[in-house]
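What follows is one structure encoded as structure tokens, with my remarks underneath.
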Amino acid sequence: DNPIDSKTYVFSTIEGSIIWIREHYQQTKKEIQVLTTGSLHLVGGVMAVLDIDV
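As structure tokens, then:
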């Protein structure tokens, strides 16, 4: 038995994934953990959409 109800989703765009995450959180109010893998370009794209400064 897995005590954590985990699911995996794959999105074709960064923006689409962020929209889904925000909408899902608004509906459930549950913590969502996100793993972004791939190139630094992809990780940088996620950070840009989220407006995160490093």
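Sequential numbering of the sequence shown, starting at 1, is according to full-length UniProt numbering.
Just so you know, even glycine gets a beta-carbon here, dropped at the ideal spot from N, CA and C.
Quick caveat, the model's predicted, so the values are computed rather than measured.
* Asked: Going by beta carbon distance, what residues of the same chain come within less than 8 angstroms of Glu15, once the five residues before and after it are set aside?
  -> Val49
* Between the beta-carbon of Ile21 and the beta-carbon of Val34, is there less than 8 angstroms? -> yes
* Indicate whether Val46 and Thr36 have their beta-carbon atoms separated by less than 8 angstroms. => yes
* To do: Leaving out five residues on either side along the sequence, give the residues of the same chain with a beta carbon under 7 angstroms from the beta carbon of Val43.
  => Thr36
* With DSSP run on the structure shown, which of helix, strand or coil describes Gly38? -> coil
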